[in-house]
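Report on the structure given below.
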Amino acid sequence: LLKPQTTDAYKFTLSYKNQPFFGVSYNITNDVIFQNAPRQVGNLTYTTTVNLARMDNLAFGVNFPIKIGNKVEGFGSNQFVRNHYKAEYLNGTYDKARWNWMFYSQVTYRPLPTLSVEVTGFYMTRFLEEFLTLEPFGNLNIGVQKIIWNKKGRISLNCNDILYTNRTKGHLQYQNIDVALVQKNDSRSVRLTLYYSFGNQKLN
Numbered sequence: 003l004l005k006p007q008t009t010d011a012y013k014f015t016l017s018y019k020n021q022p023f024f025g026v027s028y029n030i031t032n033d034v035i036f037q038n039a040p041r042q043v044g045n046l047t048y049t050t051t052v053n054l055a056r057m058d059n060l061a062f063g064v065n066f067p068i069k070i071g072n073k074v075e076g077f078g079s080n081q082f083v084r085n086h087y088k089a090e091y092l093n094g095t096y097d098k099a100r101w102n103w104m105f106y107s108q109v110t111y112r113p114l115p116t117l118s119v120e121v122t123g124f125y126m127t128r129f130l131e132e133f134l135t136l137e138p139f140g141n142l143n144i145g146v147q148k149i150i151w152n153k154k155g156r157i158s159l160n161c162n163d164i165l166y167t168n169r170t171k172g173h174l175q176y177q178n179i180d181v182a183l184v185q186k187n188d189s190r191s192v193r194l195t196l197y198y199s200f201g202n203q204k205l206n
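Take 3 as the starting number for the sequence shown in this note's numbering and just add one per residue.
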């Protein structure tokens, strides 16, 4: 019984050397499909999917390159976002807004032509997602890659979510409904991979 949600989107972007440098966007979404609208029957609390609200989303983005000498390069990105939800639900009005900030960066260090080290990560402050207020979280990954066997082979070691901070913690409070949420995923891992290219490398 869901209807499609529709969005009017407006965006302005400035680019420098064919790369986006600054952008601002404003989105108005009607009939927002809430994935976790809460309901309570006696002592039973559950969530359901329903068309509920109007959401106004305002976002500012600032991107910048990172370059130190000839061995370090990468980029960083900042986003400042404001989500505002307004809905009539359970004989009441849900009207809530919050700003949040997200930072993302990717940096590669090449001490040798055949060796590279890459560090990527992001951090997001407390933000509003439908009825949920989610706590800050982030992710830090490190990868090392070595080219071997006359460029026919490559060995890589990747460590994902080293600090195990990519976890979801949140709180939902509306009328007499009060729910805490904790979600943990298998996001922390270490992977060792060996690649080898065989055969005639000179064929077109």
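A virtual CB, placed ideally from N, CA and C, is assigned to each residue, including glycine.
Residue from the options with nearest C-alpha to residue i
| i | options | result |
| --- | --- | --- |
| Glu-1 | Arg-112, Thr-195 and Trp-103 | Coverage of the chain is limited to positions 3 through 206, which leaves residue 1 absent and any answer about it impossible. |
| Ile-68 | Val-146, Gly-78 and Gln-21 | Gly-78 |
| Val-74 | Ser-107, Glu-90, Thr-95 and Ala-55 | Ser-107 |
| Arg-169 | Ser-191, Asn-141 and Gly-155 | Asn-141 |
| Ile-179 | Ala-89, Thr-8, Ala-39 and Lys-88 | Ala-39 |
| Thr-8 | Thr-47, Asn-32, Thr-15 and Glu-131 | Asn-32 |
| Thr-122 | Asn-72, Gly-94, Pro-6 and Gly-76 | Gly-76 |
| Asn-80 | Phe-124, Asp-188 and Lys-153 | Phe-124 |
| Asn-20 | Lys-154, Phe-66, Gly-71 and Asp-188 | Phe-66 |
| Thr-116 | Asn-162, Trp-151 and Leu-92 | Trp-151 |
| Asn-162 | Ser-118, Val-109, Arg-156 and Ser-191 | Ser-191 |
| Thr-49 | Val-83, Ser-199 and Leu-92 | Leu-92 |
| Val-52 | Lys-153, Val-83 and Lys-5 | Lys-5 |
| Ser-199 | Leu-205, Asn-187 and Arg-156 | Arg-156 |
| Ala-61 | Tyr-18, Val-83 and Pro-22 | Val-83 |
Cβ shell of residue i (< 7 Å), same chain only, five flanking positions each side left out
| i | result |
| --- | --- |
| His-86 | Met-57, Asp-58 and Ala-99 |
| Leu-165 | Leu-142 |
| Thr-127 | Asn-102, Trp-103 and Pro-138 |
Boundaries (first-last residue) of the beta strand (DSSP E) holding residue i
| i | result |
| --- | --- |
| Ile-164 | Premise fails: Ile-164 is in no beta strand (DSSP E) and is neither H nor E. |
| Trp-151 | Taken as a continuous stretch (DSSP letters only), Trp-151 belongs to no beta strand (DSSP E), as it is neither H nor E. |
| Ser-27 | 21-43 |
| Asn-59 | 46-70 |
| Glu-132 | Note, Glu-132: premise wrong, no beta strand (DSSP E); not H, not E. |
| Asn-102 | 94-114 |
| Thr-122 | 117-126 |
| Ser-17 | 8-18 |
| Lys-5 | Counting along the chain, Lys-5 falls outside any beta strand (DSSP E), and DSSP gives it neither H nor E. |
| Ser-191 | 191-198 |
Cβ-based burial, residue i [other Cβ within 10 Å; buried from 16]
| i | result |
| --- | --- |
| Phe-133 | buried |
| Phe-36 | buried |
| Phe-129 | buried |
| Gly-44 | exposed |
| Leu-114 | exposed |
| Leu-136 | buried |
Same chain, Cβ closer than 6 Å to residue i, five either side skipped, listed in chain order
| i | result |
| --- | --- |
| Ser-158 | Gln-147 and Thr-195 |
| Ala-89 | Leu-54, Ala-55 and Tyr-96 |
| Gly-63 | Gly-25 and Gln-81 |
| Asn-29 | Thr-9, Ala-11 and Asn-59 |
| Ser-189 | Asp-163 and Asn-168 |
| Phe-105 | Asn-80 and Tyr-125 |
Contact with chain D by residue i, beta-carbon distance below 9 Å
| i | result |
| --- | --- |
| Leu-114 | Any reference to chain D falls outside this structure, which holds one protein chain only. |
Other residues of its chain near residue i: CB distance less than 8 Å, five sequence neighbours each side excluded
| i | result |
| --- | --- |
| Gly-201 | none |
| Phe-14 | Gly-25, Val-26 and Ser-27 |
| Glu-131 | Asn-85 and Gly-172 |
| Gly-94 | Tyr-176 and Gln-177 |
| Ser-17 | Phe-23 |
Given 8 Å, three or more beta-carbon pairs between the region 194-205 and the region 171-184: As far as the Cβ criterion goes, the region 194-205 does not touch the region 171-184, which means the pair count is below three.
Given 8 Å, three or more beta-carbon pairs between the region 147-154 and the region 177-189: At 8 Å Cβ cutoff, the stretches do not touch.
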